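The structure appears below as structure tokens.
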Amino acid sequence: MPRPLTGPRLPRAQSRHQAAAALAAVLALGPVAYASDADPATVERAPDGPDASGISVTDLSASWSDSSFAVGGTALPATFTASTTVSGQVVAGSVVSVRVVNGAIAEIPLGCAISDTLVRNSYLDDDGRLLACRVPAGTGSSTTVGFAVVPDGGGLVSATVRWEGTRIGEAGRPDGPNAGSRPPDIDEDRSVVATTLPSRVAMPVEAAASAAYRFVSSPDFANADVADLSRGPNNWRGQVSNGTNDDYRTAMRTVLDDWSSLDPDSVLVAGDLVEGHWGEDPGRDRIFGPTGTRRQRQAAVLRAAATYYPQWVQRFRDAGLDVYPAVGDHEYADNPWRSDKLQLMPTYARAFARWVLGSTPADPAFADRPSGPASLTAYAFRPRPDIQVVSLDEFDHGPRRMRLRVDRRQLAWLGGVLREARADGVTWVFVQGHLPIVGPVREDHSSGLHLEGGARSPLWRLFTRYGVDVYLCGEVHATTVSVVDGVVQIAHGGALHHGLTNYLVADVRADRVDIDLRDYVTFWTDDVSGRRLWSTRRAGMPPNLYVDPDAFTVGTLTLSADGSLTRRSGLALPWDGRDEVQPAPVLRSPS
Numbered sequence: 347m348p349r350p351l352t353g354p355r356l357p358r359a360q361s362r363h364q365a366a367a368a369l370a371a372v373l374a375l376g377p378v379a380y381a382s383d384a385d386p387a388t389v390e391r392a393p394d395g396p397d398a399s400g401i402s403v404t405d406l407s408a409s410w411s412d413s414s415f416a417v418g419g420t421a422l423p424a425t426f427t428a429s430t431t432v433s434g435q436v437v438a439g440s441v442v443s444v445r446v447v448n449g450a451i452a453e454i455p456l457g458c459a460i461s462d463t464l465v466r467n468s469y470l471d472d473d474g475r476l477l478a479c480r481v482p483a484g485t486g487s488s489t490t491v492g493f494a495v496v497p498d499g500g501g502l503v504s505a506t507v508r509w510e511g512t513r514i515g516e517a518g519r520p521d522g523p524n525a526g527s528r529p530p531d532i533d534e535d536r537s538v539v540a541t542t543l544p545s546r547v548a549m550p551v552e553a554a555a556s557a558a559y560r561f562v563s564s565p566d567f568a569n570a571d572v573a574d575l576s577r578g579p580n581n582w583r584g585q586v587s588n589g590t591n592d593d594y595r596t597a598m599r600t601v602l603d604d605w606s607s608l609d610p611d612s613v614l615v616a617g618d619l620v621e622g623h624w625g626e627d628p629g630r631d632r633i634f635g636p637t638g639t640r641r642q643r644q645a646a647v648l649r650a651a652a653t654y655y656p657q658w659v660q661r662f663r664d665a666g667l668d669v670y671p672a673v674g675d676h677e678y679a680d681n682p683w684r685s686d687k688l689q690l691m692p693t694y695a696r697a698f699a700r701w702v703l704g705s706t707p708a709d710p711a712f713a714d715r716p717s718g719p720a721s722l723t724a725y726a727f728r729p730r731p732d733i734q735v736v737s738l739d740e741f742d743h744g745p746r747r748m749r750l751r752v753d754r755r756q757l758a759w760l761g762g763v764l765r766e767a768r769a770d771g772v773t774w775v776f777v778q779g780h781l782p783i784v785g786p787v788r789e790d791h792s793s794g795l796h797l798e799g800g801a802r803s804p805l806w807r808l809f810t811r812y813g814v815d816v817y818l819c820g821e822v823h824a825t826t827v828s829v830v831d832g833v834v835q836i837a838h839g840g841a842l843h844h845g846l847t848n849y850l851v852a853d854v855r856a857d858r859v860d861i862d863l864r865d866y867v868t869f870w871t872d873d874v875s876g877r878r879l880w881s882t883r884r885a886g887m888p889p890n891l892y893v894d895p896d897a898f899t900v901g902t903l904t905l906s907a908d909g910s911l912t913r914r915s916g917l918a919l920p921w922d923g924r925d926e927v928q929p930a931p932v933l934r935s936p937s
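If you count the sequence shown from 1, position 377 lands on 723 in the numbering used here, and the numbers rise without skipping.
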């Protein structure tokens with residue numbers, strides 16, 4: 347087992363993943379098969395007239411199924427229908443919210459426009475008690491959306507459905523450069539059309555058991571060289587701006603505190619912890635020393651690593667998180683790889699092993715590891731007897747070329763790990779590596795590297811041969827869930843200073859894995875002075891960064907122990923690569 351990196355543990359938060367199993371029972375009914383005339387909802391109407399965007403609602407209705415009571419933990423199906431008219435020239439879809447009391451909504455319904463890293467359309471809050479659903483709007487248009495509420499237990503379950511208009515959550519960007527549009531912020535004090543579903547009685551049941559193992563995964567955190575330069579073996583004396591400030595310290599603490607509140611057993615980061623352009627000095631600042639010769643560049647890499655990596659690791663320790671990182675292209679100086687960079691690859695590998703994993707040839711941090719060039723950068727461990735975790739190094743570097751693949755000795759070692767796991771009756775196998783293997787995948791602010799060979803690669807063939815359950819990867823700074831040959835690939839994560847940080851939280855049980863895909867509202871801007879945080883890249887980093895602490899769910903999926911996906915919603919739905927995530931359809935009103 348690896349050396350512990352823990353701080354104090356927090357009590358595990360109970361998540362709406364407990365609702366996932368109950369929801370599966372009603373999924374066969376279909377997305378809008380819940381309509382019923384029973385118990386019509388009461389409606390409160392706002393004053394007539396459109397909102398600021400030119401949309402007004404002409405009808406809002408909602409209803410439960412025929413059942414007047416439910417056993418706690420059993421899903422109650424319901425629908426809402428919104429009819430709108432348009433008076434403006436161009437409008438985006440309306441936002442309808444559903445607020446639940448004594449229950450939770452376990453997935454984003456079909457009919458709600460999905461979100462991605464930059465466009466927030468529909469989402470669930472962190473406990474599933476609020477759904478914000480963006481639906482199309484147009485003259486005479488009517489949209490019906492089916493959803494399911496899972497009661498907490500005993501008591502009365504109710505829900506309020508409100509038309510929120512379009513002022514909130516509009517597609518587009520606030521003033522100044524930033525990372526994307528805000529999600530619909532629900533203002534419950536505004537006067538809107540609202541309908542309240544009659545209460546349902548939920549019979550109490552025994553509380554669901556918590557997950558046996560919970561992990562958070564967020565590749566490309568933070569994909570930036572963020573550090574106090576005064577705390578490292580370098581030449582910084584204030585002659586250039588520092589590599590962090592209060593905004594960055596607060597933003598990173600906000601993200602890590604959110605993860606810590608989930609009380610995960612592990613945090614996986616599949617590469618691109620840093621920016622890593624350490625063997626170069628375009629500004630001739632010499633913060634890490636001269637870079638004119640190969641030996642000088644090696645020394646500069648080691649000084650930079652000793653500055654950035656310890657502070658990266660310390661942030662996780664301070665948050666009480668056990669972190670298990672993999673290497674990405676930025677841990678190998680970033681692509682493209684010229685000959686002068688390739689000479690530095692062994693230095694980069696040793697620096698990552700020492701400062702991130704705490705591993706040296708004489709004292710490796712992990713007993714289960716390959717031989718060869720990845721002996722200190724790839725590893726495997728079992729957090730529980732029924733769970734296998736593998737972290738790969740997918741950068742096969744030689745003196746003349748970088749190959750985006752797993753080297754032969756690492757591949758042979760991986761085959762042995764997977765064979766042994768299956769022989770031991772391990773239920774779940776999770777593998778992390780930086781590069782997407784199968785496609786298509788969404789991309790944002792990324793060079794879009796992929797593993798050579800894709801689904802025909804020796805690595806993917808090993809996955810399918812030994813039944814790897816989930817492959818976690820990054821690189822592309824956007825989220826796509828793909829299922830090929832029975833293996834689930836989840837590309838996710840993103841660069842913090844581009845406002846692209848997102849993550850997943852997975853609850854692993856004996857019979858299933860419940861996964862939430864989550865995102866943040868993040869804004870970044872440049873200062874009016876034009877001064878940026880310093881890095882070895884001439885452009886530096888924007889100094890103003892804000893991360894809203896309230897993460898929200900943009901997709902969900904459940905994987906059963908037999909390998910089948912029993913639910914997919916929102917951003918976890920299949921993607922064919924031909925259409926991008928957009929705000930709900932834009933319609934023009936008649937002239």
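For each residue, glycine too, the CB sits at the ideal point set by N, CA and C.
Note that this is a predicted model, so its numbers are computed, not measured.
Option nearest residue i by Cα separation, candidates the options
i       : options                            : result
Leu-703 : Ala-726, Val-859, Ile-633, Ala-459 : Ala-726
Ala-801 : Arg-924, Pro-782, Gly-492          : Pro-782
Phe-634 : Leu-456, Trp-582, Ala-769, Val-659 : Trp-582
Arg-913 : Asn-890, Ile-861, Gly-923, Val-547 : Ile-861
Ala-646 : Pro-579, Val-829, Asn-588          : Pro-579
Thr-693 : Trp-658, Arg-663, Asp-714, Arg-640 : Arg-640
Asp-831 : Ser-910, Ser-721, Arg-751          : Ser-910
Ala-713 : Glu-453, Trp-759, Arg-684, Trp-605 : Trp-759
Met-887 : Val-893, Asp-873, Trp-509, Pro-895 : Asp-873
Asp-686 : Ile-454, Gly-762, Arg-747, Tyr-654 : Arg-747
Val-736 : Phe-698, Leu-750, His-791, Val-673 : Val-673
Asp-675 : Val-829, Ile-454, Ser-793, Ala-767 : Ser-793
Ala-824 : Trp-683, Val-893, Ser-545, Trp-921 : Trp-921
His-844 : Glu-677, Pro-889, Leu-470          : Pro-889
Arg-649 : Phe-662, Gly-622, Pro-628, Pro-671 : Gly-622
Arg-643 : Tyr-655, Pro-628, Gln-657, Pro-656 : Pro-628
Val-893 : Ala-597, Arg-546, Gly-457, Leu-470 : Ala-597
Leu-891 : Thr-871, Ser-875, Arg-877, Gly-876 : Thr-871
Ala-456 : Gly-492, Thr-542, Tyr-469, Ala-699 : For clarity, residue 456 is Leu in the given sequence; the question names Ala instead. It is Gly-492 whose Cα lies nearest to the Cα of Leu-456.
Asp-593 : Val-586, Ser-607, Ala-573, Ser-606 : Ala-573
Leu-464 : Glu-821, Gly-923, Glu-789          : Glu-789
Residue i - containing beta strand (DSSP E), residue span
i       : result
Pro-565 : Careful: Pro-565 lies outside any beta strand (DSSP E) and carries neither H nor E.
Trp-774 : 774-778
Thr-541 : 540-549
Leu-911 : 911-916
Asp-865 : 858-865
Leu-891 : 890-893
Leu-905 : 898-906
Run of the alpha helix (DSSP H) containing residue i, from where it starts to where it stops
i       : result
Ala-769 : 754-769
Phe-809 : 804-812
Tyr-694 : 691-698
Asp-853 : Run containing Asp-853: none in the alpha helix (DSSP H); it sits in the beta strand (DSSP E), 848-854.
Pro-330 : Since the first residue of the chain shown is 347 and the last is 937, residue 330 is not available in this structure.
Ala-645 : 640-664
Thr-596 : 592-607
Contact set for residue i: own chain, Cβ-Cβ below 7 Å, skip 5 residues either direction
i       : result
Val-833 : Phe-809, Thr-810, Val-814, Tyr-817
Ser-382 : Low per-residue confidence applies at Ser-382: pLDDT is 33, beneath 50, and the placement is therefore not dependable, though the value from the model is reported in the following sentence. Cβ within range, chain order: Ser-409, Trp-410, Ser-411, Asp-412.
Gly-500 : Gly-418, Ala-548, Met-549, Pro-550
8 Å contact criterion, which residue i and residue j should meet: CB distance rounded
i       : j       : result
Val-503 : Ala-540 : Contact doesn't hold; Cβ gap of about 17 Å is too wide.
Gly-779 : Ala-555 : With a Cβ gap of about 31 Å, Gly-779 and Ala-555 do not count as contacting.
Pro-565 : Asp-603 : Pro-565 to Asp-603, Cβ: 20 Å. No contact.
Arg-560 : Asp-609 : 7 Å
Leu-795 : Leu-805 : With a Cβ gap of about 14 Å, Leu-795 and Leu-805 do not count as contacting.
Val-601 : Thr-847 : 6 Å
Leu-667 : Val-613 : 5 Å
6 Å Cβ shell around residue i - same chain, five flanking residues per side excluded
i       : result
Ala-695 : Thr-723
Arg-864 : Tyr-849, Ala-897, Thr-899
Leu-575 : Trp-582, Asn-588, Gly-589
Arg-755 : Pro-716, Ser-717, Gly-718
Glu-390 : In this predicted model, Glu-390 has a pLDDT of only 44, less than 50, meaning its place in the structure is not dependable enough to derive any value.
Gly-916 : Ile-454, Ile-460, Val-900, Gly-901
Near the ligand GDP: residue i beta-carbon under 7 Å from a heavy atom
i       : result
Gly-625 : Because no ligand of any kind appears in the structure shown, any question about the ligand GDP cannot be addressed here.
Sequence-distant residues of its chain with Cβ nearer than 8 Å to residue i (five each side left out)
i       : result
Val-763 : Asp-714, Ala-726, Gln-734, Val-736
Ser-803 : Arg-751, Ile-783, Leu-797
Open item on the list: Count Cβ pairs between the segment 758-775 and the segment 720-734 that sit closer than 8 Å; are there 3 or more?
Closed with: In this structure the segment 758-775 lies against the segment 720-734, because at least three pairs of beta carbons, one per stretch, are closer than 8 Å.
Open item on the list: Would the segment 839-854 count as touching the segment 558-571 if we require 3 or more Cβ pairs under 8 Å?
Closed with: Between the segment 839-854 and the segment 558-571, the count of C-beta pairs closer than 8 Å reaches three or more; the two stretches touch.
Open item on the list: With three or more beta-carbon pairs closer than 8 Å as the criterion, would you say the segment 901-912 touches the segment 872-890?
Closed with: Cβ pair count under 8 Å is below three, so no.
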